[in-house]
Amino acid sequence: MKTSVKSVRVDDGTVRDIERLRRGRQATFSFLASELLAEAAKMRRCPGVVFADGPYGRRARVEGTGIEVWEVLAAWLAMGKDEKRLRKAFAWLSDRQLLAALGYYRAYPKEIDDLIEANRVDEGSALERLPFARRSPR
Numbered sequence: 003m004k005t006s007v008k009s010v011r012v013d014d015g016t017v018r019d020i021e022r023l024r025r026g027r028q029a030t031f032s033f034l035a036s037e038l039l040a041e042a043a044k045m046r047r048c049p050g051v052v053f054a055d056g057p058y059g060r061r062a063r064v065e066g067t068g069i070e071v072w073e074v075l076a077a078w079l080a081m082g083k084d085e086k087r088l089r090k091a092f093a094w095l096s097d098r099q100l101l102a103a104l105g106y107y108r109a110y111p112k113e114i115d116d117l118i119e120a121n122r123v124d125e126g127s128a129l130e131r132l133p134f135a136r137r138s139p140r
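Numbering-wise (my numbering), the sequence shown opens with residue 3 and increments by one.
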């Protein structure tokens with residue numbers, strides 16, 4: 003990713019917060035501050051989306067749930083972009099939550115498409131990773 007160098011004044015309390023977050027992580031102050039700034043800009047642009055740590059790093063999630071945005075979008079794309087079917091499939095999510103996920107995709111399609119592709123599993127690779135998931139012959 004292309005980066006730019008900018009000089010920014012940060013209050014001492016924020017510096018302490020970033021230093022606290024940095025403890026125990028293999029990250030520079032600059033890297034973590036940049037990551038936090040990017041997340042804040044995305045959350046401001048897409049209300050209803052938050053970022054949380056997970057087993058594969060920080061990812062965009064639908065606020066108030068553990069659902070990653072890419073999971074909602076993968077379902078929506080598989081349904082032919084049918085919002086009515088999406089609402090039925092994710093009946094426990096509010097319209098606001100679903101619209102937040104869709105809005106995030108409109109703002110950051112490459113990020114979501116890359117995550118969908120990275121999580122795509124065909125039957126062969128699924129059986130390789132989960133050999134006991136094979137169907138037993140009847």
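Heads up, the beta-carbon is just placed ideally off N, CA and C, and yes, glycines get one too.
Source: prediction; values computed, not measured.
Sorted by chain position, which residues of the same chain lie with C-beta nearer than 6 Å to residue i's C-beta, five sequence neighbours on each side aside?
i    : result
R87  : M81
A120 : none
R131 : none
DSSP three-state label for residue i, please.
i    : result
F53  : strand
A120 : helix
E70  : strand
A7   : Before going on, a small fix: residue 7 reads as Val here, not Ala. In this structure, V7 counts as coil in the three-state DSSP scheme.
R1   : The first residue shown for the chain is 3 and the last is 140, placing residue 1 beyond what the model contains.
R136 : coil
A93  : coil
G82  : coil
A62  : strand
Have a look at the options and flag the residue whose alpha-carbon is nearest the alpha-carbon of residue i.
i    : options           : result
I118 : L129, A128, L79   : L79
D84  : V123, G126, L100  : L100
E21  : L34, R11, V10, S9 : L34
Please report the straight-line C-alpha distance between residue i and residue j, rounded to a whole angstrom.
i    : j    : result
D19  : R61  : 21 Å
R25  : F31  : 10 Å
G105 : C48  : 7 Å
L95  : W72  : 15 Å
A40  : D97  : 26 Å
T16  : S36  : 13 Å
A103 : D13  : 32 Å
L23  : A29  : 10 Å
D124 : R89  : 26 Å
G56  : S9   : 31 Å
R137 : L129 : 10 Å
A135 : T5   : 44 Å
Check the C-beta distance from residue i over to residue j and give it rounded, since I have them as a contact under 8 Å.
i   : j   : result
R63 : F53 : 7 Å
E65 : V74 : Their Cβ separation, rounded to whole angstroms, is 12 Å, which puts E65 and V74 out of contact at 8 Å.
A77 : A93 : Not quite, the Cβ-Cβ distance comes to about 12 Å (not below 8 Å), so this is no contact.
Please list, in chain order, all residues of the same chain as residue i whose beta carbon is under 8 Å from its beta carbon, the five residues on each side excluded.
i    : result
A143 : Residue 143 cannot be examined here, being either before or after the span of the chain that is shown, 3 to 140.
May I ask whether a heavy atom of the ligand ZN can be found less than 7 Å away from the beta carbon of residue i?
i   : result
L23 : Of ligands this structure carries none, so the ligand ZN is not represented either.
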